[in-house]
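Colleague:
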Amino acid sequence: MIKYYLRKSKHEEVVTSLSYEPGQWVQLIAPTEEEIHYISRELSLEPSLLLDATDMDEMPRFEIDDDTAYLYTRFAWKNAGGTIHTEPVLFVVGKGVFVSLTNRSFPALEDLLIRQKHLVTNRPKHLLLPVLNVSLQSYASQLAHIGRQIRTARNALRDEKFSNKHFVRFVEIEDFLNDFLSELVPTNNILLNMVAGRKAFSFTETDHDILEDLQLETAQLIDESKGYLKTIVNIREAYSNVMTNNLNRQIKILTTLTIVLTVPTIVGSFFGMNVGIPLDNNPLAFPLIVGTTFGVAFLVLYFLKRKDWL
Numbered sequence: 278m279i280k281y282y283l284r285k286s287k288h289e290e291v292v293t294s295l296s297y298e299p300g301q302w303v304q305l306i307a308p309t310e311e312e313i314h315y316i317s318r319e320l321s322l323e324p325s326l327l328l329d330a331t332d333m334d335e336m337p338r339f340e341i342d343d344d345t346a347y348l349y350t351r352f353a354w355k356n357a358g359g360t361i362h363t364e365p366v367l368f369v370v371g372k373g374v375f376v377s378l379t380n381r382s383f384p385a386l387e388d389l390l391i392r393q394k395h396l397v398t399n400r401p402k403h404l405l406l407p408v409l410n411v412s413l414q415s416y417a418s419q420l421a422h423i424g425r426q427i428r429t430a431r432n433a434l435r436d437e438k439f440s441n442k443h444f445v446r447f448v449e450i451e452d453f454l455n456d457f458l459s460e461l462v463p464t465n466n467i468l469l470n471m472v473a474g475r476k477a478f479s480f481t482e483t484d485h486d487i488l489e490d491l492q493l494e495t496a497q498l499i500d501e502s503k504g505y506l507k508t509i510v511n512i513r514e515a516y517s518n519v520m521t522n523n524l525n526r527q528i529k530i531l532t533t534l535t536i537v538l539t540v541p542t543i544v545g546s547f548f549g550m551n552v553g554i555p556l557d558n559n560p561l562a563f564p565l566i567v568g569t570t571f572g573v574a575f576l577v578l579y580f581l582k583r584k585d586w587l
C-alpha cells in the first residue's frame, strides 16, 4: 500500500492524494515488490536499499546513496495474544523526499501528522526526528508493559505464589529484552554519530537539541532493558533457591518419617520370631510394646529436633 501526505505549512490541513508530488511524505505499508520498484523509479531511489527494509531480520543501520540517506531502524509492537514483536522500518531522507517503509501497519507512525499539526512534510530532515521518536516510544511502551509483568512476578515470589508459568514467562521476556538491546544499541550508535555531525545531516540548533534528547532517550531505554534483565536474573536465582530449600525441607521430612517408621518395624521384627520371648503370656504385652515403640519414636524425633534437622 502506498499513501501520499502533504502539508507545507503548520496552518494547513494534511492533504492526501493518489499520486506523488514534491514535498510529500510517502508511506509504504507492507508494499509489494512492484510498488517498491514504482516508488524507486518515481523518486529516483535505489530499489535494492528499499527492498532491504522488507527483510524481517534487518538491523538498524545508516546508508547514503546519491545524496539520499537511508536510515534503517525497528519498532516494537504487541499482538492480541500479548507476544511482543519487532519489525524493521526504513526512513528515506533526500532533497525534498521523505519516505517511510514498514512491513505492517504502524498506526502511531501513520497518524503522526494528524496528532502533531505543527509538522510539515516538505522539510524531510525536520520530519525525521519526530518519526524516530515514534519508533523509540514503541520500545518505551513495551518496556513499561514488561516492567509491570516483572513487578507482578516479584510480588508472587514474595507471597510464595510464584509458579512455573511465571518462570516460562520470564524466559520469554528475557528473549524480548535481548532483542531490544540488539536493536537499540546500533540505533544509539547511529544517533551518537548524528549528534557528533558524522552523518550526512546538518540540523538547526533546535533540531540538534531534539536529536540529543532522542539519543539520551535511547541510552535510557538501553539501561532500562539491562536493568530488567538483571532483575529477571535475580528473581530467577531467588526462585531457584526457594525451590531448592523447599526440596531439601521435603527430603528432610521424608527422611525423618522413614527413620521414625523404622522403629516399630524393628520392634515388630523381634516379636515375629518363632522363639520364646519375654512378656509372651502377659496380657499387657501389646500396650507395653506399643507404648515403648511410641516412646522410642518420640525420642528419635526429639533428638532430630535438637540437632536442627527439622
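In the working numbering, each residue's number is its place in the sequence shown (first place is 1) plus 277.
Glycine residues also receive a C-beta, built at the ideal position from the N, C-alpha and C atoms.
Everything numeric in this text was worked out from a predicted model, so none of it was measured.
By a C-beta neighbour count over all protein chains shown, 10 Å radius and 16 as the cutoff for buried, is A473 buried or exposed?
Modeller: On the sequence shown, residue 473 is found 196 positions in, with the first residue counted as 1. Answer is exposed; the Cβ neighbour count stays below 16.
Colleague: Does the Cβ of N455 have 16 or more other Cβ atoms within 10 Å, making it buried, or fewer, making it exposed?
Modeller: One-based indexing of the sequence shown puts residue 455 at position 178. By the 10 Å Cβ count, N455 comes out exposed.
Colleague: Less than 8 angstroms between the CB atoms is what I'm expecting for T379 and I313, so what's the real figure, rounded?
Modeller: Counting from 1 along the sequence shown, the entry for residue 379 is found at position 102. Counting from 1 along the sequence shown, the entry for residue 313 is found at position 36. Contact doesn't hold; Cβ gap of about 12 angstroms is too wide.
Colleague: Could you tell me how far apart the beta carbons of E364 and Y349 are, in whole angstroms, since I believe they sit closer than 8 angstroms?
Modeller: Residue numbering aside, residue 364 sits at position 87 when the sequence shown is read from its first letter. Residue numbering aside, residue 349 sits at position 72 when the sequence shown is read from its first letter. No, E364 and Y349 are not in contact; Cβ-Cβ is about 11 angstroms, not under 8 angstroms.
Colleague: Could you tell me the distance, in whole angstroms, from the CA atom of P463 to the CA atom of Q426?
Modeller: The residue given as residue 463 occupies position 186 in the sequence shown. The residue given as residue 426 occupies position 149 in the sequence shown. Going from the Cα of P463 to the Cα of Q426 covers about 27 angstroms.
Colleague: State the beta-bridge partners of V376 as determined by DSSP.
Modeller: Mapped onto the sequence shown, residue 376 falls at position 99. Looking at the DSSP assignment, V376 forms a beta bridge with V303 and V369.
Colleague: With contact counted as at least three CB pairs below 8 angstroms, one residue from each stretch, are the stretch 369-384 and the stretch 329-346 in contact?
Modeller: Touching, yes, given that three or more Cβ pairs across the two stretches are closer than 8 angstroms.
Colleague: Please report how far the alpha carbon of N523 lies from the alpha carbon of L578, in whole angstroms.
Modeller: Within the sequence shown, numbered from 1, the residue matching residue 523 stands at position 246. Within the sequence shown, numbered from 1, the residue matching residue 578 stands at position 301. Cα to Cα, the separation comes out at about 20 angstroms.
Colleague: Which same chain residues, not among the five before or five after T521, have their C-beta less than 7 angstroms away from its C-beta?
Modeller: Numbered from its first residue, the sequence shown carries residue 521 at position 244. Contacts found: none.
Colleague: In chain order, which continuous runs of the alpha helix (DSSP H) of length 4 or greater are located wholly inside the stretch 298-354?
Modeller: Complete alpha helix (DSSP H) runs here, min 4: 310-320 and 324-329.
Colleague: Leaving aside the five residues before and after A496 along the sequence, list all residues of the same chain whose C-beta is less than 8 angstroms from its C-beta, in chain order.
Modeller: Stepping through the sequence shown from its first residue, residue 496 is reached at position 219. The answer, listed in chain order, is N465.
Colleague: Should the stretch 384-391 be called in touch with the stretch 406-413, which here means at least 3 C-beta pairs below 8 angstroms?
Modeller: The stretch 384-391 vs the stretch 406-413: in contact.
Colleague: Going straight from the alpha carbon of Y315 to that of Q393, what length do you get?
Modeller: For this step, residue 315 is matched to residue 38 along the sequence shown. For this step, residue 393 is matched to residue 116 along the sequence shown. Near 29 angstroms, if we compare the C-alpha coordinates of Q393 and Y315.
Colleague: Does the count of Cβ pairs from the stretch 354-364 and the stretch 411-428 closer than 8 angstroms reach three?
Modeller: Contact between the stretch 354-364 and the stretch 411-428 is present, because at least three Cβ pairs lie under 8 angstroms.
Colleague: Please return the same chain residues whose Cβ sits closer than 6 angstroms to the Cβ of W302, not counting the five positions on each side in sequence.
Modeller: Here the question's residue 302 lines up with position 25 in the sequence shown. Y282, F375 and T398.
Colleague: Is the shortest distance between the beta-carbon of K529 and the beta-carbons of chain C less than 8 angstroms?
Modeller: Reference to chain C is not applicable here, since this structure consists of a single protein chain.
Colleague: Compare the Cα-Cα distances from L328 to each of E290, F575 and L367 and report the closest residue.
Modeller: Working through the sequence shown from its first residue, we reach residue 328 at position 51. Minimum Cα distance to L328 is reached at L367.
Colleague: Closer than 8 angstroms by C-beta to N559: which residues in its own chain qualify, once you throw out the five before and the five after it? Chain order, please.
Modeller: Against the sequence shown, residue 559 aligns to sequence position 282. The residues are L565.
Colleague: Helix, strand or coil, according to DSSP, for K582 in the structure here?
Modeller: If you number the sequence shown from 1, residue 582 lands on position 305. In this structure, K582 counts as helix in the three-state DSSP scheme.
Colleague: Is it true that the CB of F447 sits closer than 8 angstroms to the CB of A433?
Modeller: To locate residue 433, count along the sequence shown from 1; it is residue 156. To locate residue 447, count along the sequence shown from 1; it is residue 170. Going by C-beta atoms, A433 is not nearer than 8 angstroms to F447.
Colleague: Distance, Cα to Cα, D500 vs Q414?
Modeller: Sequence index remark: in the sequence shown, residue 500 carries index 223 (1-based). Sequence index remark: in the sequence shown, residue 414 carries index 137 (1-based). So the two alpha carbons sit approximately 15 angstroms from each other.
Colleague: Express the C-alpha separation of H403 and R284 in angstroms, rounding to a whole number.
Modeller: In the sequence shown, counting from the first residue as 1, residue 284 sits at position 7. In the sequence shown, counting from the first residue as 1, residue 403 sits at position 126. Cα to Cα, the separation comes out at about 13 angstroms.
Colleague: Name, in chain order, the residues that DSSP records as bridge partners for S294.
Modeller: Within the sequence shown, the letter at position 17 stands for residue 294. According to DSSP, S294 bridges with Y281.
Colleague: According to the Cβ coordinates, are L506 and E451 closer than 8 angstroms?
Modeller: Indexing the sequence shown from 1 puts residue 506 at position 229. Indexing the sequence shown from 1 puts residue 451 at position 174. A contact, by the Cβ cut-off of 8 angstroms.
Colleague: For T445 and S412, I'd like the C-alpha separation in whole angstroms.
Modeller: The residue given as residue 445 occupies position 168 in the sequence shown. The residue given as residue 412 occupies position 135 in the sequence shown. Rather than Thr, the amino acid found at residue 445 in this sequence is Val. Those two C-alpha atoms are separated by around 28 angstroms.
Colleague: Who are the near neighbours of D484 in its chain, counting only those whose CB is closer than 8 angstroms to its CB and skipping five residues on each side?
Modeller: Mapped onto the sequence shown, residue 484 falls at position 207. Here the set comprises K402, H403 and L406.
Colleague: Our contact map puts Q264 next to L458 with C-beta atoms below 8 angstroms; I'd like the distance itself, whole angstroms only.
Modeller: Any answer about residue 264 is impossible in this case: the structure gives the chain only from 278 up to 587.
Colleague: Can the beta-carbon of L498 be found less than 8 angstroms from the beta-carbon of M471?
Modeller: Position 221 of the sequence shown, counted from the start, is the residue given in the question as residue 498. Position 194 of the sequence shown, counted from the start, is the residue given in the question as residue 471. Not closer than 8 angstroms, so no.
Colleague: On the DSSP bridge assignment, give the partners of I467 in chain order.
Modeller: As a working mapping, residue 467 is identified with position 190 in the sequence shown. DSSP output for I467 lists no bridge partner at all.
Colleague: Considering Cα atoms alone, identify which of P308, G572 and E319 is closest to P299.
Modeller: Here residue 299 refers to the residue found at position 22 when the sequence shown is read from its first residue. Among P308, G572 and E319, the Cα nearest to that of P299 belongs to E319.
Colleague: Less than 8 angstroms between the CB atoms is what I'm expecting for T533 and L581, so what's the real figure, rounded?
Modeller: Position 256 of the sequence shown holds residue 533. Position 304 of the sequence shown holds residue 581. That belief holds up - the Cβ atoms of T533 and L581 are roughly 6 angstroms apart, short of 8 angstroms.
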